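Residue numbers (the numbering used here): 2 to 173.
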């Protein structure tokens, strides 16, 4: 066997957690809007199916992803927002140029919209939080959201999810 690439391992783990959360929030959206909730797998099934696409790396990371998704869903049992979109692409003019942005999740409360980016990492501290918050991706997501939703934009949120055997701050 070839040595496992640490970066690939982390990317796969993040992908697996994203798959579980995407199914959770897509189901929640359909439930809220009277859609077909039966079209979706469970978050656990989504993680297992996506892990299979990544072979041995997916198989090794699957238990950590299942643990993270399970703990996340147990912690957030009473979310009080409306799911507007899950992994959908938006287009807007920002500074006179046309851009697209794909958000992990868009939610609303009382007519105001918030965009969410799920971030998975084994440890979140001041340095990692600052790096995520000030990253080009986060700054672009904020600027785009303000251009798209204008005065109804309520901000951009990083949903920090601890993953892996040494994870701290496991629940958002």
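By construction, the Cβ of each residue, glycine as well, lies at the ideal position given by its N, Cα and C atoms.
Model, not experiment: these values are computed from the prediction.
For residue i, three-class secondary structure by DSSP
{"i": "residue 39", "result": "helix"}
{"i": "residue 172", "result": "In this predicted model, residue 172 has a pLDDT of only 47, less than 50, meaning its place in the structure is not dependable; the value taken from the coordinates is given anyway. Looking at residue 172 - three-state DSSP - the assignment turns out to be coil, as it is neither helix nor strand."}
{"i": "residue 78", "result": "coil"}
{"i": "residue 2", "result": "With a pLDDT of 42 at residue 2, under the threshold of 50, the modelled position of this residue cannot be trusted, and the question is left open."}
{"i": "residue 126", "result": "coil"}
{"i": "residue 65", "result": "helix"}
{"i": "residue 26", "result": "helix"}
{"i": "residue 55", "result": "coil"}
Beta bridge counterpart(s) of residue i as assigned by DSSP
{"i": "residue 109", "result": "83 and 114"}
{"i": "residue 89", "result": "104"}
{"i": "residue 121", "result": "162"}
{"i": "residue 99", "result": "94"}
Residue i, enclosing beta strand (DSSP E) - first and last residue
{"i": "residue 155", "result": "154-163"}
Residues near residue i in its chain [Cβ-Cβ closer than 8 Å; skip 5 each side]
{"i": "residue 89", "result": "103, 104 and 107"}
{"i": "residue 62", "result": "10, 13, 14, 17, 52 and 55"}
{"i": "residue 40", "result": "31"}
{"i": "residue 158", "result": "115, 116, 117 and 118"}
Same chain only: Cβ atoms within 6 Å of residue i, ignoring 5 sequence neighbours per side
{"i": "residue 113", "result": "153 and 155"}
Counted within 10 angstroms of its Cβ, other Cβ atoms place residue i as buried (16 or more) or exposed
{"i": "residue 145", "result": "buried"}
{"i": "residue 35", "result": "exposed"}
{"i": "residue 137", "result": "exposed"}
{"i": "residue 151", "result": "exposed"}
{"i": "residue 57", "result": "exposed"}
{"i": "residue 78", "result": "exposed"}
Contact set for residue i: own chain, Cβ-Cβ below 7 Å, skip 5 residues either direction
{"i": "residue 97", "result": "none"}
{"i": "residue 87", "result": "23, 26, 27, 30 and 106"}
{"i": "residue 3", "result": "Annotation note: pLDDT 48 at residue 3 (below 50); position unreliable, no value reported."}
{"i": "residue 67", "result": "45 and 48"}
{"i": "residue 165", "result": "14, 65 and 123"}
Host alpha helix (DSSP H) of residue i (start-end)
{"i": "residue 139", "result": "137-150"}
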